[in-house]
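Read the structure below first, then the notes.
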């Protein structure tokens with residue numbers, strides 16, 4: 001069926017683009033993730049100080065570390081670079097969120113924004129000085145780098161981005177027709 005000026009009114013047409021429910025899921029995920037990160041860092045600062053808490057023997061411990069750089073404190077002299085990159089990443093995620101029409105992408109990008117903003121907050125407001133602050137890390141698995149909730153959220157987001165890319169699902173919920181046909185997936189499936 002055709003409407004005036006050739007616009008299709010067929011129910012099989014899939015409208016893509018911004019979706020308030022999906023953006024709301026993104027926003028709630030980002031806010032909750034950010035708050036959990038900040039609350040756990042505040043707890044670590046007050047409860048851990050110079051002590052180490054064995055949670056599962058010495059395999060999983062809680063110990064306070066002030067990280068000026070990236071993993072294993074690499075790049076400590078480039079703290080301002082990490083701060084700038086995190087700010088650009090946060091703005092990019094917010095920009096991309098305008099196209100969200102997929103629940104999985106909404107969760108992934110929400111987790112990414114929460115993680116990036118959690119560590120960015122440390123870099124901007126923590127000691128030794130603004131925009132050169134050290135990130136609060138406190139979760140430790142053996143010889144693995146000490147990390148925090150923001151780092152977990154960033155890794156969850158990376159997994160979601162890889163999964164959605166492999167599935168051929170775009171931010172707006174559309175699927176690459178070639179990938180979908182190869183998987184035998186209905187292109188009109190909901191809850192992408």
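In full-length UniProt numbering, the protein residues as written are 1 to 192.
Glycine residues also receive a C-beta, built at the ideal position from the N, C-alpha and C atoms.
Please read all numbers here as calculations on a predicted model, not as lab measurements.
Quick check on residue i: does DSSP put it in helix, strand or coil?
i: residue 15; result: Note on residue 15: pLDDT 46, under 50, position unreliable in the model; no value is reported.
i: residue 146; result: coil
i: residue 153; result: helix
i: residue 62; result: strand
i: residue 234; result: Nothing in the structure corresponds to residue 234, since the chain is present only between 1 and 192.
i: residue 165; result: helix
i: residue 50; result: coil
i: residue 131; result: coil
i: residue 97; result: helix
Taking the alpha helix (DSSP H) that residue i belongs to, which residues open and close that run?
i: residue 37; result: 20-47
i: residue 113; result: 103-125
For residue i, does the count of other Cβ atoms within 10 angstroms reach 16, so buried, or fall short, so exposed?
i: residue 13; result: Its pLDDT being 38, under 50, residue 13 is placed unreliably by the model, and the measurement read from it follows with that caveat. The residue is exposed, with fewer than 16 neighbouring Cβ atoms inside 10 Å.
i: residue 50; result: exposed
i: residue 21; result: exposed
i: residue 116; result: buried
i: residue 204; result: Because the chain here runs from 1 to 192, residue 204 falls outside it and cannot be looked at.
i: residue 98; result: exposed
i: residue 144; result: exposed
Hey, residue i and residue j are a contact pair by Cβ (cut 8 Å); roughly how many whole angstroms apart?
i: residue 173; j: residue 111; result: With a Cβ gap of about 18 Å, residue 173 and residue 111 do not count as contacting.
i: residue 131; j: residue 83; result: 5 Å
i: residue 60; j: residue 147; result: The pair is not a contact, with the Cβ atoms about 12 Å apart (cut-off 8 Å).
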